[in-house]
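With full-length UniProt numbering, the residue at position 378 of the sequence shown is 378, and numbering never jumps.
All C-beta atoms in this analysis are idealised placements derived from N, C-alpha and C, irrespective of residue type, glycine included.
Notes for the one structure printed next.
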Amino acid sequence: MAITVSEIVKVTGGELIQGREDYFFHNIFYDVIKDQNIPKNSLYIPYINSYRNIDTTSKIATIDKSIVTGLLIDKGIKDIDFSSYPNVILVDNLEEGVLKIAHYLREREDYPIIAVTGSSGKTTSKELIANILESTGLPYKKTLRNINGYGGAATTIFSLEKNQWGVLEVGVNGLKRLPLLAKTISPNYLLVTNIYHTHFDKFPRLEEVAKYKLSLAKFMKEPQKKVLCGDNPYLREYIDINTITFGLDNTNHYYLDTILSSGEKGSSFIVRGKGKTYRIKTPLIGKHNIVNIIGVLALTLELGLEEKGVIKGIENFSGISDDYYSTISLKKVGKWTFLDDSQHFNLPALKVGLETFRDISKEGGVLLLSYDYKFASPNFNIEELFQILLQHKRSIKGLILMGEGWKKWLGFISKEICPFTVCLKSKEEVAIYIQEKIIDDTVIYMKGDFHHHLRGIINILEENS
Numbered sequence: 001m002a003i004t005v006s007e008i009v010k011v012t013g014g015e016l017i018q019g020r021e022d023y024f025f026h027n028i029f030y031d032v033i034k035d036q037n038i039p040k041n042s043l044y045i046p047y048i049n050s051y052r053n054i055d056t057t058s059k060i061a062t063i064d065k066s067i068v069t070g071l072l073i074d075k076g077i078k079d080i081d082f083s084s085y086p087n088v089i090l091v092d093n094l095e096e097g098v099l100k101i102a103h104y105l106r107e108r109e110d111y112p113i114i115a116v117t118g119s120s121g122k123t124t125s126k127e128l129i130a131n132i133l134e135s136t137g138l139p140y141k142k143t144l145r146n147i148n149g150y151g152g153a154a155t156t157i158f159s160l161e162k163n164q165w166g167v168l169e170v171g172v173n174g175l176k177r178l179p180l181l182a183k184t185i186s187p188n189y190l191l192v193t194n195i196y197h198t199h200f201d202k203f204p205r206l207e208e209v210a211k212y213k214l215s216l217a218k219f220m221k222e223p224q225k226k227v228l229c230g231d232n233p234y235l236r237e238y239i240d241i242n243t244i245t246f247g248l249d250n251t252n253h254y255y256l257d258t259i260l261s262s263g264e265k266g267s268s269f270i271v272r273g274k275g276k277t278y279r280i281k282t283p284l285i286g287k288h289n290i291v292n293i294i295g296v297l298a299l300t301l302e303l304g305l306e307e308k309g310v311i312k313g314i315e316n317f318s319g320i321s322d323d324y325y326s327t328i329s330l331k332k333v334g335k336w337t338f339l340d341d342s343q344h345f346n347l348p349a350l351k352v353g354l355e356t357f358r359d360i361s362k363e364g365g366v367l368l369l370s371y372d373y374k375f376a377s378p379n380f381n382i383e384e385l386f387q388i389l390l391q392h393k394r395s396i397k398g399l400i401l402m403g404e405g406w407k408k409w410l411g412f413i414s415k416e417i418c419p420f421t422v423c424l425k426s427k428e429e430v431a432i433y434i435q436e437k438i439i440d441d442t443v444i445y446m447k448g449d450f451h452h453h454l455r456g457i458i459n460i461l462e463e464n465s
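Spelled out as structure tokens, the structure:
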């Protein structure tokens, strides 16, 4: 990928503060991913995300000028000395400028783009698709981790090379920003996993969530193939002649026929689709991942990929695990088995996670829940949370509530859900409680919000053991 200063100025409507219009950048480095190496001859774009409290503009003063040969900044970036940079371009709004450049490159190079969106299952589905492309020998770049906003989309497009597929996970902090992101991406293929309540503080109406998620379909390029979960009532109105559906119901194009087995070693199941039968075995745990897999199976077969390569890519994908994101997984720590589902607290995810907890623990175990900031939202349905816990109370032999916010409901929870309930403040307190109070061989299901970093409890226990 190469782009000139004049191209950037033209597509962004920006102003060249200093430098040469005919200068070629070989790379665009948008500083979204922490600790990434900057390639030579890069245009550097600082990343500012107020929602996640990220601002990399301070790096401008210290970056190696032999590597970075240009800057893209906006009028909001002040008190920064950029006089030593060979090329500096000023735009009115940095985020909009980034998206305009990304859209220009997407159109100029005509990359084949797969977009994955939905309320949950996006990251797992995106990683599965990428693994299948790998298995079938197709070159690709994918959204890193679960960085699914405009920063992740732009970074992925900037990294693409000629004839590479782009596999983009799409989600935003604010639905009304999605149409601009959708226009930037202009996908050829679209997978929508589901529509659920996940961000109550921002997206109260599910009809509105579906409307904005499906704005991706308005900007699709040929062959304009959509793959939607046909079981989801909020997606049905978007089904048309170019839509392939998947789900549990046998009215879908691809649907679950039989679950042969499901447990701590994964699942084995049969899918039927368009007159064919597919027998699949996956190491991913949880029956919810069966539905994710059916959606990915439908999409990749509709791409025209070889069935053998698709099945191989599904069956050798064991999940994601790093410091920033992971799929639901089992981990033996000392005397206990942890079912780690500590990423993203939302009610649909809690429900399917508790079903997995029930299937794996058999006799039940301990549930560890962190307090989530969403509980304070007027749109959050706390009664639904309690209803889910009541439905699974037979599996909840002990309950650890982490965070001060739980105290107002402690009496009800102890009486109606689990009498063996404690409310603790910190990871350290939780680790000590587990060591002193939880018996050997107990399964502990962790569910919480990323702000609490519940995996820190596992780290403490591993250090102590």
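Asked                                                                                                                                                           : Found
Assign N289 to buried or exposed, taking buried as 16 or more other Cβ atoms, counted over all protein chains shown, within 10 Å of its Cβ.                     : buried
Which term fits D201, buried or exposed, when burial requires 16 or more other beta carbons within 10 angstroms of its beta carbon?                             : Low confidence applies here, because D201 scores a pLDDT of 49, under 50, leaving its location unreliable; read the following figure in that light. So D201 counts as exposed.
Grab me the residues of S318's own chain with a C-beta within less than 6 Å of its C-beta, minus the 5 sequence neighbours each way, in chain order.            : P283
Mapping the DSSP letters down to three states, classify L330 as helix, strand or coil.                                                                          : strand
Between the Cα of L367 and the Cα atoms of I382, S120, P378, K351, which residue gives the shortest distance?                                                   : K351
List the DSSP bridge partners of K142.                                                                                                                          : V167
Hey, quick one: how far does the alpha helix (DSSP H) through V271 stretch, first residue to last?                                                              : Unbroken run through V271 is the beta strand (DSSP E), 266-273; no alpha helix (DSSP H).
Spell out a yes or no on whether the stretch 333-342 and the stretch 140-152 are touching, meaning 3 or more CB-CB pairs, one atom from each, closer than 8 Å.  : no
Check the C-beta distance from I132 over to G19 and give it rounded, since I have them as a contact under 8 Å.                                                  : I132 to G19, Cβ: 43 Å. No contact.
My output table needs one value for L101: the three-state DSSP class, helix, strand or coil.                                                                    : First, the residue type needs correcting, since residue 101 is Ile and not Leu in the sequence shown. I101 falls in the helix class under three-state DSSP.
For D74, which residues does DSSP report across the bridge?                                                                                                     : V91
Output the distance between the C-alpha atoms of I259 and I360, rounded to the nearest integer angstrom.                                                        : 15 Å
Helix, strand or coil for I314? Go by DSSP, reduced to three states.                                                                                            : helix
Thinking C-beta only, is L181 closer than 8 Å to residue 486?                                                                                                   : Any property of residue 486 remains undetermined from this structure, which presents the chain solely from 1 to 465.
Out of V310, R455, T184, L16, which one is the CA nearest neighbour of E428?                                                                                    : R455
Rounded to whole angstroms, what is the Cα-Cα separation between P39 and L160?                                                                                  : 14 Å
Report the rounded CA-to-CA distance for F338 versus K362, giving the unit in angstroms.                                                                        : 14 Å
Rounded to the nearest angstrom, what separates E436 and I400 at their Cα positions?                                                                            : 13 Å
In this structure, how does DSSP classify I417 when only helix, strand and coil are distinguished?                                                              : coil
Buried or exposed: S58, going by 16 or more other Cβ atoms within 10 Å of its Cβ?                                                                               : exposed
Give the secondary structure of I241 by DSSP, where H, G and I count as helix, E and B as strand, and everything else as coil.                                  : coil
Contact check, I388 vs L354 under 8 Å by CB: the rounded distance?                                                                                              : 7 Å
I'd like to check one pair, I157 with A102: are the Cβ atoms closer than 8 Å?                                                                                   : yes
If you reduce the DSSP assignment to three classes, tell me which class D201 lands in.                                                                          : For D201, the predicted model reports a pLDDT of 49, less than 50, meaning its position is unreliable and no value from the coordinates is stated.
Within a Cβ cutoff of 8 Å, which residues of the same chain sit near L178, ignoring the five residues on either side of it in sequence?                         : V170, V172, Y212, K213, S215, L216
Assuming I67 contacts S42 under a Cβ cut-off of 8 Å, what Cβ separation, rounded to an integer in Å, is found between them?                                     : 6 Å
Which of helix, strand or coil does DSSP assign to F82?                                                                                                         : coil
So, for L94: in the same chain, excluding its five sequence neighbours on each side, which residues have a beta-carbon less than 8 Å away from its beta-carbon? : I45, P46, I48, L72, I73, D74, G76, I77
Taking the CB atoms as reference points, tell me whether D125 and Y196 lie closer together than 8 Å.                                                            : The residue asked about is misnamed: residue 125 is Ser in this sequence, not Asp. No, the Cβ-Cβ distance between S125 and Y196 is not below 8 Å.
If I measure Cβ to Cβ from R272 and keep anything under 7 Å in the same chain, skipping five residues before and after, which residues do I get?                : Y255, D257
At the level of alpha carbons, what is the spacing between T327 and P233?                                                                                       : 26 Å
Along the chain, where does the beta strand (DSSP E) containing N27 start, and where does it finish?                                                            : 27-30
Rounded to a whole number of angstroms, what is the C-alpha to C-alpha distance between W409 and L385?                                                          : 12 Å
Taking only the alpha-carbon atoms, compute the straight-line gap between S267 and S329 and give it to the nearest angstrom.                                    : 13 Å
Please check the pair I239 and A298, which I expect to be a contact at CB under 8 Å, by giving their CB distance rounded to whole angstroms.                    : About 13 Å separates the two Cβ atoms, so there is no contact after all.
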